[in-house]
Amino acid sequence: MAVPEPPRRLLGGRIPYIDGPLKVTGRAEYTDDLRRPGQLVGRILRSPYAHARILSIDTAAAERMPGVHAVLVGSDYPIPFGVLPITHDETALAVGKTRYIGDMVAAVAADSEGTAEEALRAIRVEVERLPEHLDPDAGTRPVAEPIHARGLNGTNVQKEVLQHFGDVDRAFREAAVSVAVHGNYAGVTHAFTEPLVTLAEATPDGRLTVWSATQVPHYLHRSLSEVLGVPMHRIRVIKPEVGGGFGGKSDPLPHEIVCAALALRTGRAVKILCDREDVFLTNHGRHPTRNEVRIAAAADGTLLAYDIDAVIDGGAWSSFGVVTTYYNGVLSMGPYRVPNFRYRGRRVYTNKPPSGAMRAHGGTNLRYSIEVALDELAERLRIDPFDLRSHNALPPNSTTVNGFRITSTSFRACLAAARERSGWDAKFRKLPFGRGVGLGCGFYISGSNSPIHFTPKMPQCTVHLKADMDGGIAVHSMQADIGQGSNTLLAAIVAEVLGVDLERVHVVRVDSDISPVDIGSYSSRVTFMMGNAARRAAEALRALLLRAARDLTGYPVEQLRMGHECVEVAHRPEIRVGFLEVLHKAMERTGALQTSGAYTSPPMGGTHKGARAGTAPAYSFAAYVAEVEVDAETGQYRAEKIWAAFDCGRALNRLAVEGQIEGSIHMGLGQFVGEAMTYRGPRLLNPSLLEYKIPMPGQMPEVEVLLVGDDDPEGPFGAKEAGEGPLIATLPALGNALYDAIGVRFLDLPVTPEKVLRGLDRRRAEGRSWKGG
Amino acid sequence: MDPFRWVAPESVDEAYRLLAVPGAVALGGGTDLLLDLESGRAEATTLVSLRKLPLRFVRWEGAELRIGATAPLSAVESVAGLSGRIPGLATAVRAVGSPALRHRATLGGNMARCAPTSDLLPVLIALGATAEIGGPSGPRATPVEAFAEGSRRPRLRPGELLISVRVPAAPSAYLWQRVRPAHDISQVGVAVARGPSRPPWTIAVGGVLPRPMRLGRAEAALRSEVPGDAEIAEAAEVAAGEASFGTDRRASEAYRRTLLRALVGRAVRAVRSMEVGGRAA
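Sequence lines, in order, name chains A and F. So that you can map any letter, position 565 of the first sequence is 566 in the numbering used here, and since no number is skipped, the others follow by simple counting. So that you can map any letter, position 28 of the second sequence is 35 in the numbering used here, and since no number is skipped, the others follow by simple counting.
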């Protein structure tokens, strides 16, 4: 007899963050809140040269200064590292060359900030200036003195991807219509609230403890070990609370390694707190991108082919670049069926701060070009943009031409909800000149199928539970809550499975001595993978409790289930035993109960080169409508409202999902309206939160969240990601809305008011009227 | 940032003495000066904090608002009757930075830093406000327009200190544009005022080079007491040609000119609809 599931008490509702009270009262501990006895101040000397050969570094004067305990240069720790094992091209401090303004050259540990700064000024670096490489297109050709020796054939190309599925040329020949757009995207950066900060302490027992603001404690752990030559088991990595990451804390970063190296060198604790300028220079933000997207379609709007070319500006290092290069093409493979696909992507090193992974990594700029091109296609074919997209939607349980396995998709439901709630049919091309609506859609991975490291072979995620006589349940996991609410979700899943109140469940701070490995918070993997692992660990614990309840009640396990804070007989719920009594019974012979759950994504994807890139156990889908109002005299415009229909499967914590969607829209709005890393030559002009224009609250549109996903068959309780995908659709919805408002297409982001005016002037000069304006 | 000495005199006479020493700089809220010290754009061996001086007042004195040099902008924006009697100043004060910043930033500091992008100087200039200055050789008064001599260069002699500013009440408007509406610096700011004792219209602009200034030719183009739309458009066109701009990371010269044209027209139309005495017509 199948036991009927009791109704869910927590999941699917609105669960306030369990760490919220600590955060809003200032009691949560972030890395910079921590102090160790005898702690020193670490400071880093940054290069003022974009590209220069280091001839000599004289640290003698700095080392002699009273209060200076250690001075490090690149040759002290020359072993290269990087987040991807195949592209280790970073070093803790510059070795041989500096590659951008801000590259780290030397470091000191001193008694005080003042002494440390003085010591940095006393370091003499002799350099020979080298030619600066700033333009990624120029870097695709052989150059004198490439930035890295590993550039392809004497160029600055770090990675080139060539893929072709089907027959693209034939599809274009046979197509009734084709469109092409050229997109140009400025680099943007994460601008997380908590700056980068690391505290490291070497202790006389031979151990090294590192506390850091990181999304990937495990990758940091590996990199520390590799570069410092200390076995992993002698290093302990702790992740205190983290104030936002958005991908910017998902590489092991050089200052983290430098901080640990200074601790080893001094035998003490050293802290490096980056200021905002340091954070901007560390960057690893979204790649400045140029892309060309050509789309071929049949007369009825059926998509026949994509032909995509992208050149992305990698800055000084590789970071996640190989992944980014693939993503800038292959993430076009949803949410529409595209039978023929060709892609050339090149990531080029330049003498600028490194680009890396940023929220909706690789999918954002590509998607903007595609969605604008689709609107153009719809206009040419006189098909409504919704109808065009719905007609081409990938069906559930299908495979894309490049081998992505699509299981659940509620994309058509997203379209229907956004169309209806926004009043689209009464607005599109019908609002007065200066006001418009636009549709943009999104598609993103729900957890990368490939872990970055394959050795040793192990699950992508493991969760341990411990239930002891106090009645509390401790959860151990290396999943990294960086503010996105994963601790809350972890606790809620455990509480849901066990039927207990949320307050019984304690998520223990990430600590490599205690927490089983999870590969970190990136690629929108945590809910899906950690959620499954947590569910399995909790189910294993439940099995132990049910067995104890059998002994207490005499009913067979098959007839028992977890009730609220108890075990009850499924068909006679008035017969129940309290949770504590069951727990104590279960502990009689073993003491504290301990269980484990793990998750490994199933095998998937094709066999071609790069086939794993973009494979995921599930995908999220989105359809957003934006409504904008344009001041045609000044070019100023405002996003009035966004209807955000999103398929994250089942939303397990609606409060968190809504927060992720609203935050994603804010971030997408920023990239669209004004955020940009601005350079004069190699020099970053706006490394501050005053000059880097994150939108203010008053610029936010009203947001109406529409959660329409069906349960995903493999996601925990049916859930998929909601952390990154919600950003993507924001930008094309805004761009297409501007077109509806004033008849101008914008493919050069950010879209400043000045560009709006130029676009209007251009349209008027061409004599094209638009909705009477 | 290089080390500096910090002193907080208890009287204005002591402040004059301290400020007469080379390398001494007056410190108000510090929201601009400290950033410049940190970046090396400004230098000081002594910061003379004005926090203990009795200059935090904001009060109506007849038809004028008198604002002490160290009054925080938040005190100015909350003074009773401001938006009715000097609407341009009310808008301009609220345009500065953010609420948190306005609790620290002072009117005197904003004036003395003389930023070309100041949101306050255009409206003070358009309204014909008077700067009251104290110093070792006694008090004097000067129009704000003359006080704001150039970027970061107030017209002050060694040992002198801005004590207060007198702002006449008048129908007025301030319009600005920025990349983002709050916590940002204006690309262009336009202040327009109308008063019985002056040429019928005054127009002053910020975001222009080398400093906020009156646009005399555009003012002259507004011949009527209540100009029609065509006259306003003409004045806006004259204004766009009269001001000199630069291109920087906030906006290009061409875009500033376009903005100025639009904002002058809007500001004059806004003031046209106000009655002298302050209430909207």
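Built from N, CA and C at the ideal position, the CB exists for glycine as well.
Requested in this report: Would you tell me roughly how many angstroms separate the C-alpha atoms of residue 9 of chain F and residue 60 of chain F, rounded to the nearest one?
Outcome: 26 Å
Query - is_contact[residue 586 of chain A, chain F] using C-beta, thresh 8 Å - result: no
Query raised in the report: Between residue 110 of chain F and the rest of its own chain, which residues show a CB-CB distance below 7 Å, the 5 nearest in sequence each way excluded?
Result: 79 and 81
**Report entry** Nearest-angstrom Cα separation, counted from residue 719 of chain A out to residue 10 of chain A
**Finding:** For residue 10 of chain A and residue 719 of chain A, the distance between alpha carbons rounds to 16 Å.
Query raised in the report: Smallest Cα separation from residue 95 of chain F: which of F:258, F:225 and F:197?
Result: F:197
Query raised in the report: Who are residue 83 of chain A's beta bridge partners in DSSP?
Result: The partner list for residue 83 of chain A (beta bridge, DSSP) is empty, contrary to what the question assumes.
Report task. Look up residue 690 of chain A in the DSSP assignment and say whether it is helix, strand or coil. Result -> Reduced to three states, the DSSP call for residue 690 of chain A is coil.
Report task. Check whether the stretch 83-100 of chain F touches the stretch 47-56 of chain F, taking contact to mean three or more Cβ pairs, one atom from each stretch, closer than 8 Å. Result -> no
Report task. Check the DSSP bridge columns for residue 166 of chain A and list the partner residues they point to. Result -> A:342
Query - Below-8 Å beta-carbon distance, residue 697 of chain A vs any chain F residue - result: Judged by the 8 Å Cβ criterion, residue 697 of chain A is in contact with chain F.
Report task. Could you name the residues of chain F that residue 694 of chain A contacts, counting a contact when the two beta carbons are closer than 8 Å? Result -> 186, 187 and 191
Query - Option nearest residue 92 of chain A by Cα separation, candidates A:185, A:37 and A:262 - result: A:262
Query raised in the report: Given that a residue counts as buried once 16 or more other Cβ atoms are within 10 Å of its Cβ, and exposed if not, what is residue 113 of chain A?
Result: exposed
Query raised in the report: Got a sec, what are the start and stop residues for the alpha helix (DSSP H) residue 197 of chain F sits in?
Result: Per DSSP, residue 197 of chain F belongs to no alpha helix (DSSP H); it is in the beta strand (DSSP E), 195-201.
Report task. Taking only the alpha-carbon atoms, compute the straight-line gap between residue 691 of chain A and residue 257 of chain F and give it to the nearest angstrom. Result -> For residue 691 of chain A and residue 257 of chain F, the distance between alpha carbons rounds to 11 Å.
Query - Anticipated Cβ contact below 8 Å, residue 76 of chain F with residue 115 of chain F, distance rounded - result: 3 Å
Query - Per-residue contacts from residue 672 of chain A into chain F (C-beta, under 8 Å) - result: In chain order: nothing, as chain F lies at least about 13 Å away.
Requested in this report: Whole angstroms is fine: what's the gap from residue 697 of chain A's alpha carbon to residue 188 of chain F's?
Outcome: 7 Å
Query raised in the report: Applying a beta-carbon distance threshold of less than 7 Å, which residues of chain F neighbour residue 686 of chain A?
Result: 256
Query raised in the report: In the stretch 235-265 of chain F, which residues sit with their C-beta less than 7 Å from some C-beta in chain A, listed in chain order?
Result: 256, 258, 259, 262 and 265
Query - Alpha-carbon to alpha-carbon, residue 100 of chain A and residue 455 of chain A - result: 30 Å
Query - Through-space distance from residue 26 of chain A to residue 549 of chain A, alpha-carbon basis - result: 41 Å
Query raised in the report: Taking C-alpha atoms, which residue in F:127, F:231, F:32 and F:263 lies nearest to residue 201 of chain F?
Result: Taking only the C-alpha atoms, the option nearest residue 201 of chain F is F:231.
Query raised in the report: Does the ligand SAH have a heavy atom nearer than 7 Å to the CB of residue 531 of chain A?
Result: With respect to the ligand SAH, the structure shown offers nothing to examine, as it has no ligands at all.
Query - Closest residue to residue 327 of chain A among A:300, A:419 and A:612 (Cα-Cα distance) - result: Ranking A:300, A:419 and A:612 by CA distance to the CA of residue 327 of chain A puts A:612 first.
Report task. Would you give the residue range spanned by the beta strand (DSSP E) that residue 50 of chain F belongs to? Result -> Element bounds for residue 50 of chain F: n/a, residue is neither H nor E.
Requested in this report: To the nearest angstrom, report how far apart residue 240 of chain A and residue 481 of chain A are at their CA atoms.
Outcome: 8 Å
Query raised in the report: Helix, strand or coil for residue 105 of chain A per DSSP?
Result: strand
**Report entry** residue 444 of chain A - containing beta strand (DSSP E), residue span
**Finding:** Looking at the DSSP string, the run of the beta strand (DSSP E) that includes residue 444 of chain A is 436-446.
**Report entry** Contact set for residue 134 of chain A: own chain, Cβ-Cβ below 8 Å, skip 5 residues either direction
**Finding:** 52, 140, 144, 147, 148, 157, 350, 351 and 352.
Query raised in the report: Which residue's Cα is closest to the Cα of residue 492 of chain A: A:345, A:509 and A:264?
Result: Relative to residue 492 of chain A, the option among A:345, A:509 and A:264 whose CA is nearest is A:509.
Query raised in the report: Can a CB atom of chain A be found closer than 8 Å to the CB of residue 269 of chain F?
Result: Cβ-Cβ to chain A under 8 Å: yes for residue 269 of chain F.
Query raised in the report: Alpha carbon to alpha carbon, how far is residue 708 of chain A from residue 12 of chain A?
Result: 15 Å
Query raised in the report: Curious, which full-length alpha helix (DSSP H) runs of at least 4 residues does the stretch 698-725 of chain A contain?
Result: none
Requested in this report: With 8 Å as the threshold, decide whether the Cβ of residue 750 of chain A is near any Cβ in chain F.
Outcome: no
Query raised in the report: Roughly how many angstroms separate the alpha carbons of residue 299 of chain A and residue 385 of chain A, rounded to a whole number?
Result: 15 Å
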